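> Residue numbers (the numbering used here): 69 to 287. Quick one: structure below, then a few questions.
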(Lines of atoms letter the chains of each structure in order from A and count residues from 1; the text may use other names and numbers.)
(Lines give C-alpha, C1' and ligand atoms only; values in the text may rest on other atoms or scores of the structure.)
Protein backbone atom coordinates (compact mmCIF):
# COMPACT_ATOMS: atom_id res chain seq x y z
CA UNK A 1 0.00 0.00 0.00
CA UNK A 2 2.84 2.36 0.94
CA UNK A 3 4.71 1.43 -2.23
CA UNK A 4 1.62 2.16 -4.30
CA UNK A 5 1.20 5.56 -2.70
CA UNK A 6 4.87 6.34 -3.32
CA UNK A 7 4.52 5.26 -6.95
CA UNK A 8 1.42 7.43 -7.43
CA UNK A 9 3.15 10.38 -5.77
CA UNK A 10 6.20 9.94 -7.98
CA UNK A 11 4.00 9.70 -11.09
CA UNK A 12 2.16 12.86 -10.08
CA UNK A 13 5.48 14.64 -9.45
CA UNK A 14 6.88 13.58 -12.81
CA UNK A 15 3.73 14.78 -14.58
CA UNK A 16 3.80 18.13 -12.79
CA UNK A 17 7.51 18.52 -13.54
CA UNK A 18 6.90 17.72 -17.21
CA UNK A 19 4.12 20.32 -17.42
CA UNK A 20 6.30 22.93 -15.70
CA UNK A 21 9.30 22.18 -17.93
CA UNK A 22 7.17 22.38 -21.05
CA UNK A 23 5.61 25.69 -20.02
CA UNK A 24 8.99 27.24 -19.23
CA UNK A 25 10.64 25.87 -22.37
CA UNK A 26 7.90 26.30 -24.95
CA UNK A 27 4.69 27.63 -23.39
CA UNK A 28 5.53 31.28 -24.03
CA UNK A 29 6.64 30.51 -27.59
CA UNK A 30 3.41 28.61 -28.31
CA UNK A 31 1.31 31.53 -27.10
CA UNK A 32 3.40 34.05 -29.05
CA UNK A 33 3.21 32.07 -32.29
CA UNK A 34 -0.53 31.50 -31.80
CA UNK A 35 -0.93 35.28 -31.56
CA UNK A 36 0.88 35.58 -34.90
CA UNK A 37 -1.65 33.23 -36.51
CA UNK A 38 0.43 30.07 -36.83
CA UNK A 39 -1.30 26.69 -36.81
CA UNK A 40 -0.45 23.99 -34.27
CA UNK A 41 1.57 22.13 -36.91
CA UNK A 42 3.56 25.23 -37.82
CA UNK A 43 4.19 26.00 -34.15
CA UNK A 44 5.44 22.46 -33.51
CA UNK A 45 7.91 22.79 -36.38
CA UNK A 46 9.24 26.14 -35.11
CA UNK A 47 9.81 25.38 -31.43
CA UNK A 48 13.42 25.21 -30.25
CA UNK A 49 12.47 22.84 -27.42
CA UNK A 50 11.08 19.52 -28.81
CA UNK A 51 7.38 19.45 -27.91
CA UNK A 52 4.85 16.79 -28.97
CA UNK A 53 2.25 17.96 -31.46
CA UNK A 54 -0.61 16.91 -29.17
CA UNK A 55 0.77 19.00 -26.32
CA UNK A 56 1.01 22.01 -28.65
CA UNK A 57 -2.63 21.48 -29.69
CA UNK A 58 -3.78 21.40 -26.06
CA UNK A 59 -1.70 24.42 -25.06
CA UNK A 60 -2.88 26.40 -28.06
CA UNK A 61 -6.52 25.52 -27.33
CA UNK A 62 -6.20 26.58 -23.69
CA UNK A 63 -4.62 29.87 -24.73
CA UNK A 64 -7.33 30.65 -27.29
CA UNK A 65 -10.00 29.93 -24.66
CA UNK A 66 -8.16 32.06 -22.09
CA UNK A 67 -8.02 34.98 -24.53
CA UNK A 68 -11.66 34.69 -25.49
CA UNK A 69 -10.87 33.80 -29.10
CA UNK A 70 -12.85 30.62 -28.43
CA UNK A 71 -15.86 30.62 -26.11
CA UNK A 72 -17.21 27.45 -24.53
CA UNK A 73 -20.60 29.06 -23.85
CA UNK A 74 -22.89 30.94 -26.20
CA UNK A 75 -21.72 34.54 -26.73
CA UNK A 76 -23.75 37.08 -24.79
CA UNK A 77 -24.84 34.58 -22.15
CA UNK A 78 -22.78 36.14 -19.36
CA UNK A 79 -20.02 38.58 -18.56
CA UNK A 80 -16.61 37.06 -19.05
CA UNK A 81 -12.97 37.51 -18.22
CA UNK A 82 -9.98 37.05 -20.46
CA UNK A 83 -6.54 35.88 -19.43
CA UNK A 84 -3.29 37.67 -20.15
CA UNK A 85 0.20 36.36 -19.47
CA UNK A 86 2.47 38.76 -17.61
CA UNK A 87 6.23 38.26 -17.91
CA UNK A 88 8.08 38.50 -14.61
CA UNK A 89 11.75 38.32 -13.63
CA UNK A 90 13.03 36.77 -10.41
CA UNK A 91 16.04 38.01 -8.41
CA UNK A 92 18.38 36.03 -10.66
CA UNK A 93 17.01 37.53 -13.87
CA UNK A 94 15.13 34.38 -14.88
CA UNK A 95 11.83 35.02 -16.61
CA UNK A 96 8.50 33.32 -16.12
CA UNK A 97 4.91 34.01 -17.13
CA UNK A 98 2.03 34.53 -14.72
CA UNK A 99 -1.59 34.10 -15.85
CA UNK A 100 -3.78 37.08 -14.88
CA UNK A 101 -7.53 37.43 -15.42
CA UNK A 102 -8.84 40.76 -16.66
CA UNK A 103 -12.49 41.79 -17.12
CA UNK A 104 -13.56 41.85 -20.76
CA UNK A 105 -16.39 44.32 -20.24
CA UNK A 106 -20.14 43.79 -20.46
CA UNK A 107 -20.78 40.86 -22.81
CA UNK A 108 -24.35 39.97 -21.88
CA UNK A 109 -27.19 40.46 -24.35
CA UNK A 110 -30.70 40.72 -22.94
CA UNK A 111 -32.49 39.77 -26.14
CA UNK A 112 -31.13 38.95 -29.57
CA UNK A 113 -32.52 40.33 -32.80
CA UNK A 114 -32.74 37.17 -34.90
CA UNK A 115 -31.99 37.32 -38.62
CA UNK A 116 -32.12 34.51 -41.15
CA UNK A 117 -29.27 34.99 -43.62
CA UNK A 118 -29.06 33.32 -47.00
CA UNK A 119 -25.63 32.29 -48.21
CA UNK A 120 -26.48 31.42 -51.83
CA UNK A 121 -24.76 34.60 -53.07
CA UNK A 122 -21.41 33.75 -51.51
CA UNK A 123 -19.68 36.98 -52.56
CA UNK A 124 -22.50 39.05 -51.15
CA UNK A 125 -22.55 36.97 -47.97
CA UNK A 126 -18.81 37.31 -47.45
CA UNK A 127 -18.95 41.09 -47.72
CA UNK A 128 -22.06 41.29 -45.54
CA UNK A 129 -20.36 39.22 -42.86
CA UNK A 130 -17.18 41.29 -43.05
CA UNK A 131 -19.14 44.53 -42.82
CA UNK A 132 -21.05 43.36 -39.72
CA UNK A 133 -17.84 42.02 -38.14
CA UNK A 134 -16.07 45.35 -38.72
CA UNK A 135 -19.03 47.25 -37.28
CA UNK A 136 -18.93 45.22 -34.05
CA UNK A 137 -15.21 44.51 -33.88
CA UNK A 138 -13.56 41.07 -33.85
CA UNK A 139 -13.76 40.72 -30.08
CA UNK A 140 -17.56 41.11 -30.22
CA UNK A 141 -18.19 38.89 -33.26
CA UNK A 142 -18.44 35.09 -33.05
CA UNK A 143 -19.64 32.12 -35.06
CA UNK A 144 -20.63 28.66 -33.88
CA UNK A 145 -18.35 25.69 -34.58
CA UNK A 146 -19.49 22.05 -34.55
CA UNK A 147 -16.27 20.50 -35.87
CA UNK A 148 -15.82 18.37 -32.74
CA UNK A 149 -19.25 16.71 -32.54
CA UNK A 150 -19.44 16.27 -36.33
CA UNK A 151 -16.04 14.54 -36.33
CA UNK A 152 -17.16 12.20 -33.53
CA UNK A 153 -20.67 11.41 -34.78
CA UNK A 154 -20.45 11.90 -38.56
CA UNK A 155 -16.85 11.18 -39.62
CA UNK A 156 -17.78 10.93 -43.32
CA UNK A 157 -19.41 14.35 -43.25
CA UNK A 158 -16.42 15.73 -41.35
CA UNK A 159 -14.04 14.49 -44.05
CA UNK A 160 -16.23 16.12 -46.69
CA UNK A 161 -16.14 19.39 -44.75
CA UNK A 162 -12.36 19.24 -44.52
CA UNK A 163 -12.07 18.61 -48.25
CA UNK A 164 -13.99 21.85 -48.81
CA UNK A 165 -11.17 23.87 -47.23
CA UNK A 166 -7.79 24.82 -48.63
CA UNK A 167 -4.66 23.34 -47.05
CA UNK A 168 -3.99 26.21 -44.61
CA UNK A 169 -7.60 26.35 -43.43
CA UNK A 170 -7.78 22.59 -42.97
CA UNK A 171 -4.51 22.60 -41.04
CA UNK A 172 -5.85 25.20 -38.61
CA UNK A 173 -9.11 23.33 -37.96
CA UNK A 174 -7.44 19.94 -37.58
CA UNK A 175 -4.84 21.46 -35.26
CA UNK A 176 -7.38 22.26 -32.53
CA UNK A 177 -9.01 19.73 -30.13
CA UNK A 178 -12.63 20.83 -30.57
CA UNK A 179 -14.07 18.33 -28.08
CA UNK A 180 -17.57 16.92 -28.28
CA UNK A 181 -19.80 19.99 -28.15
CA UNK A 182 -20.53 23.22 -29.97
CA UNK A 183 -18.12 26.07 -29.26
CA UNK A 184 -17.80 29.61 -30.61
CA UNK A 185 -14.86 31.14 -32.46
CA UNK A 186 -14.14 34.83 -32.88
CA UNK A 187 -14.74 35.97 -36.48
CA UNK A 188 -11.19 36.90 -37.38
CA UNK A 189 -10.26 37.02 -41.05
CA UNK A 190 -9.27 33.35 -41.17
CA UNK A 191 -12.54 32.11 -39.67
CA UNK A 192 -14.52 34.49 -41.88
CA UNK A 193 -12.96 32.91 -44.96
CA UNK A 194 -13.49 29.41 -43.57
CA UNK A 195 -17.21 29.91 -42.96
CA UNK A 196 -17.59 31.63 -46.34
CA UNK A 197 -15.94 28.70 -48.12
CA UNK A 198 -18.04 26.13 -46.24
CA UNK A 199 -21.22 28.11 -46.89
CA UNK A 200 -20.41 28.17 -50.58
CA UNK A 201 -21.01 24.43 -50.92
CA UNK A 202 -23.61 24.05 -48.18
CA UNK A 203 -21.22 22.53 -45.63
CA UNK A 204 -21.91 25.07 -42.88
CA UNK A 205 -25.01 25.57 -40.81
CA UNK A 206 -24.83 27.51 -37.58
CA UNK A 207 -25.10 30.93 -36.04
CA UNK A 208 -23.19 34.21 -35.97
CA UNK A 209 -23.33 36.52 -32.95
CA UNK A 210 -22.66 40.26 -32.92
CA UNK A 211 -22.58 41.52 -29.36
CA UNK A 212 -22.56 45.29 -29.88
CA UNK A 213 -25.50 45.36 -32.28
CA UNK A 214 -27.28 42.51 -30.44
CA UNK A 215 -27.79 40.48 -33.64
CA UNK A 216 -27.86 36.72 -34.04
CA UNK A 217 -27.68 35.40 -37.58
CA UNK A 218 -28.93 31.94 -38.41
CA UNK A 219 -27.22 30.40 -41.43
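C-beta: ideal position from N, C-alpha, C; glycine also. All values reported here derive from a predicted model rather than from experimental measurement.
Looking at the strands, I want to know which residues DSSP matches up with residue 182.
284
> Taking DSSP as the reference, what is the three-state secondary structure of residue 255?
DSSP places residue 255 in coil when its eight states are reduced to three.
> Rank 114, 131 and 109 by C-alpha distance to the C-alpha of residue 33 and give the top, closest one.
Residue coverage of the chain in this structure runs from 69 to 287, which leaves residue 33 outside it and unanswerable.
> Which residue or residues does DSSP assign as beta-bridge partners of residue 210?
Residue pairing of residue 210 in beta bridges, as defined by DSSP: 254 and 277.
> Using alpha carbons as the reference points, say which of 209, 118 and 231 lies closest to residue 281.
209
> In this structure, what does DSSP give as the bridge partners for residue 138?
253
> Below 8 Å between beta carbons: does that hold for residue 248 and residue 274?
Judged by beta-carbon spacing, residue 274 lies beyond the 8 Å limit of residue 248, meaning their Cβ atoms are not closer than that value.
> Let me make sure I understand the geometry here. Which of 220, 222, 221 and 241 has the alpha-carbon closest to that of residue 230?
241
> Could you give the DSSP three-state label for residue 177: helix, strand or coil?
coil
> Are the beta-carbon atoms of residue 253 and residue 211 separated by less than 8 Å?
yes
> Suppose you measure from the CA of residue 104 to the CA of residue 116; what does that come to, to the nearest Å?
17 Å
> Could you check if residue 227 is buried or exposed, using at least 16 other CB atoms within 10 Å of its CB as the buried criterion?
exposed
> From residue 260 to residue 197, what distance separates their C-alpha atoms?
8 Å
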